[in-house]
Amino acid sequence: MKPILFTLSLLLSQLSFAQNFNGIKRYKVNFAVATGANEKLIALRSFSANNQKYLLLVNPETLDTKVSQANNYTTSNLQYSNVLAIFKNTAYVKALEAAASKDVQLQNAGIDHAFPNEKGITLTIDLCPSHKALDRIIFQSVFDEFKKIEQPSPLAVSVSGKWMLKHQDDLNWLKSLVEKKELDITWVNHTYNHEVNKLPLAENFLLAPGTNLDVEVLENEKLMLKNGLTPSVFFRFPGLVSDKAIVEKIEAYGLIPIGSDAWLAKGQQPNAGSIVLIHGNGNEEIGVKDFIQLLKTKQADVKNKQWLLFDLRQGLEKEFE
Numbered sequence: 007m008k009p010i011l012f013t014l015s016l017l018l019s020q021l022s023f024a025q026n027f028n029g030i031k032r033y034k035v036n037f038a039v040a041t042g043a044n045e046k047l048i049a050l051r052s053f054s055a056n057n058q059k060y061l062l063l064v065n066p067e068t069l070d071t072k073v074s075q076a077n078n079y080t081t082s083n084l085q086y087s088n089v090l091a092i093f094k095n096t097a098y099v100k101a102l103e104a105a106a107s108k109d110v111q112l113q114n115a116g117i118d119h120a121f122p123n124e125k126g127i128t129l130t131i132d133l134c135p136s137h138k139a140l141d142r143i144i145f146q147s148v149f150d151e152f153k154k155i156e157q158p159s160p161l162a163v164s165v166s167g168k169w170m171l172k173h174q175d176d177l178n179w180l181k182s183l184v185e186k187k188e189l190d191i192t193w194v195n196h197t198y199n200h201e202v203n204k205l206p207l208a209e210n211f212l213l214a215p216g217t218n219l220d221v222e223v224l225e226n227e228k229l230m231l232k233n234g235l236t237p238s239v240f241f242r243f244p245g246l247v248s249d250k251a252i253v254e255k256i257e258a259y260g261l262i263p264i265g266s267d268a269w270l271a272k273g274q275q276p277n278a279g280s281i282v283l284i285h286g287n288g289n290e291e292i293g294v295k296d297f298i299q300l301l302k303t304k305q306a307d308v309k310n311k312q313w314l315l316f317d318l319r320q321g322l323e324k325e326f327e
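In terms of this note's numbering, the sequence shown opens at residue 7 and continues consecutively.
Encoded structure:
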């Protein structure tokens, strides 16, 4: 029995951790080449928990992320500039560079289109701080509509820290959909506080004076990990508001800014390959209604696999292959 137990223990140690990390310590940006038995990944973060050291890793070709024990990998530390140089031909770095090319825009900087020639959309749902309950109808409608042809159905959820803190039941419900393989959720960093004020956009959201980006980015990731969510490499600016300097700072965390070319509540209509944005936090009734109506109009196309939901990671992998 001992060899079997040893093998099982080894397998468990090599699995990525979807566990809830409590008591995270020394959480920091830490770029490194992480070489395992059959893979070469990029480490983005390092941290300690439960007397173990862990890494948040990204596959630079597929953009998949996972958390694993650091002792599963041989690491060689890098500067961010080294990451860009060494992995310049990967989908990850090409996506970072594509997002940076639109950094002068005050609104909607980053990548706003994922599949240029495909029949369907990439759905992104933002969960900004709100006292209202989650619009569960969005997620249930996606599952009901696509379950016969795409299961689990892929979508991205941009989650803020203050939403997670106040909506534990809703968050657990979303996690249950993933566990039941009804949905495949890419978890996007949407900042910890998601502050908004009454100043002009150039001084609002993350551009507000006194904003602490380490809190907004890293504390939100820690809270995601505490709640059993694996942070992706994607970041969505609150209000889709940014400037060149802050885009550069976000990318220096190793994160790819994601915009949208179809914010439904603003009347923007999705095209083939659009990154669609709706808010699922109870504060955007018109966007939710528009999305439900969009699903109804596309029912026949969905059944014929002529209108699909695309995974944000796979979309960019294909775009920049």
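Beta carbons are placed, not taken as given, at the ideal position from N, Cα and C, and that holds for glycine.
When you compare only the Cα positions, how much space is there between residue i and residue j?
| i | j | result |
| --- | --- | --- |
| Leu213 | Lys187 | 38 angstroms |
| Arg142 | Asp70 | 26 angstroms |
| Asp307 | Trp313 | 5 angstroms |
| Ala43 | Asp118 | 36 angstroms |
| Lys100 | Phe326 | 6 angstroms |
| Asp190 | Leu301 | 18 angstroms |
| Lys255 | Pro244 | 15 angstroms |
| Glu291 | Leu231 | 30 angstroms |
| Asn57 | Asn26 | 14 angstroms |
| Lys107 | Gly116 | Correcting the residue type first, residue 107 is Ser in the shown sequence and not Lys. About 8 angstroms. |
| Thr303 | Arg32 | 50 angstroms |
| Gly273 | Ile30 | 42 angstroms |
Go ahead and pull the three-state DSSP assignment for residue i.
| i | result |
| --- | --- |
| Ala303 | Residue identity differs from the one stated: residue 303 is Thr in this sequence, not Ala. Helix. |
| Ala214 | coil |
| Asn44 | coil |
| Ala278 | coil |
| Val110 | coil |
| Gln58 | strand |
| Lys232 | helix |
| Lys94 | coil |
For residue i, report the span of its beta strand (DSSP E) as first-last.
| i | result |
| --- | --- |
| Asp132 | Gly126 to Leu133 |
| Gln320 | Gln320 -> not in any beta strand (DSSP E); alpha helix (DSSP H) instead, spanning Leu318 to Glu325. |
| Leu161 | Ser159 to Val165 |
List the endpoints of the continuous alpha helix (DSSP H) containing residue i.
| i | result |
| --- | --- |
| Phe149 | Arg142 to Phe152 |
| Ile191 | Counting along the chain, Ile191 falls outside any alpha helix (DSSP H), though it belongs to the beta strand (DSSP E) covering Leu189 to Asn195. |
| Ala251 | Lys250 to Glu257 |
Would you mind working out which of the options sits nearest residue i, comparing C-alpha positions?
| i | options | result |
| --- | --- | --- |
| Glu227 | Lys154, Leu50 and Val184 | Leu50 |
| Leu183 | Ile292, Pro158 and Met230 | Pro158 |
| Lys309 | Asn195, Lys153 and Gln274 | Lys153 |
| Gly321 | Asp296, Glu151 and Pro160 | Pro160 |
| Pro237 | Asp267, Asn218, Ala162 and Gln75 | Ala162 |
| Asp132 | Arg319, Ala271, Pro276 and Lys324 | Ala271 |
| Leu171 | Thr192, Ser147, Gln75 and Lys138 | Lys138 |
| Asp332 | Ser136, Pro276 and Phe240 | This structure cannot speak to residue 332, because the chain is shown only from 7 to 327. |
| Thr68 | Tyr259, Phe240 and Ser280 | Phe240 |
_Assess contact between the segment 281–298 and the segment 196–209, defined as three or more Cβ pairs (one per stretch) separated by less than 8 angstroms. Is contact present?_
Contact fails between the segment 281–298 and the segment 196–209, because fewer than three Cβ pairs, one in each stretch, are under 8 angstroms apart.
_Would you call the segment 23–41 in contact with the segment 70–80, where contact means no fewer than 3 C-beta pairs closer than 8 angstroms?_
Contact annotation: the segment 23–41 touches the segment 70–80, with at least three C-beta pairs closer than 8 angstroms.
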